[in-house]
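Take a look at the structure set out below.
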Amino acid sequence: MHKKTVFLTVFLFLINSLDATVVLSDFDEINATHKLIDYTWKSQSVPRITVKKFPEKIKDVSNGKRLKFFIRTLLPMILMENETIEKEHDFIVKIAAKENWNKNDISIISEIAYKYRIIKKNSDLTGLSEIEKDEIRYFLDHRIRSVPVPIALGQAALESGWGTSRFVFEGNNLFGHVAKDHKKGLKPKNWSGKQRNIRIFDSLQDSISAYMLNLNRNRAYRKFRWLRRKYPGNSSKIAEGFGNYATIKEEYIGRLQQVITKYGLYRLNDSKLGNGEKAIIHKKIKQIYIN
């Protein structure tokens, strides 16, 4: 049997550390790390592994391997972003639930409520009636929620061609976000006039973060937020809320539902981040793998 020695640099996290995160970038390094900790795309316990950029080698592997690599790579980052949102939700809902808001409470509530476009910038929250406070409380709870994993993975797959899009490699853009300034960003082929270019992100995690914030505050996705609240766990039903995500509208909804169903993404709805029990060491190590 032919044996090939591959030297890889792997980062692993502290035993039982909930907050430790591994950052990888090389295609072979990512695959080897997944193999070391027995992580597959069907794993219910998901390791905290962050990939800053998609390796271009993903274009050269078979479709089956590409799809599994794509899911394994994005799943931890989607769950980590959802975790951040859930912490923000619990933090602000607890503060807003107070009967009387002090000066510090009002400052925090104002900042987060504006972030999610619940109030206008520089709105004065002093002297609000209880009805007005209850409205803010409702929308803080309603909008600051995690995005179902099958939805996030399905849209990332559609918008990025399962990680093979030029905008992914050159701009870490997974979801087709456009730049605010039409003179900046990446220019698509056959793009003309004052149409916006594709936004450039510093990392894949930044792209995921912007995507989730967009879904949680943009008026175009009010139906998505309502369906998410009414049909928790039903990703196919929730997908009906994305008629405004693309110009093809209803056809886009059908494509999203098909991706979620055909590739079994709905099975990942209950995936959870692991607690690092499979981790070995904290420092940088060099491993030798014999294939």
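So in the numbering used here the end of the sequence shown lands on 297, straight run, no missing numbers. Ideal Cβ positions, reconstructed from N, Cα and C, are used throughout, including at glycine.
Query	Result
Contact belief for R151 with H188 at Cβ below 8 Å, rounded distance in angstroms	Actually they do not touch by this definition, with Cβ atoms about 32 Å apart.
Which of helix, strand or coil DSSP assigns to V155	helix
For S305: DSSP bridge partner residues	This structure cannot settle anything about residue 305, because the visible part of the chain is limited to 7 through 297.
Three-way DSSP call (helix, strand, coil) for F219 in this model	It is worth fixing the name first, because residue 219 is Leu in this sequence and not Phe. If DSSP states are grouped into helix, strand and coil, L219 belongs with the helices.
For I204, the three-state DSSP class (helix, strand or coil)	strand
8 Å Cβ cutoff met for R143 and A103	yes
K65 beta carbon near the ligand COA (any heavy atom closer than 7 Å)	As far as ligands go, the structure on display features none, and thus does not contain the ligand COA.
Range covered by the alpha helix (DSSP H) that runs through H40	F33 to L42
CA-to-CA distance, W47 to H261, given in whole angstroms	The question names His, but residue 261 is Arg in the sequence shown. Roughly 21 Å between the two C-alpha positions.
Pair within 8 Å by beta-carbon distance, S209 and N178	yes
Touch test, the segment 69-88 against the segment 262-281, Cβ-Cβ under 8 Å, three pairs minimum	yes
DSSP bridge partner residues for L192 (one or two, in chain order)	I204
Pair within 8 Å by beta-carbon distance, I115 and I98	yes
Pair within 8 Å by beta-carbon distance, I206 and G182	no
Residue burial classification, Q263 (beta-carbon count within 10 angstroms, cutoff 16)	buried
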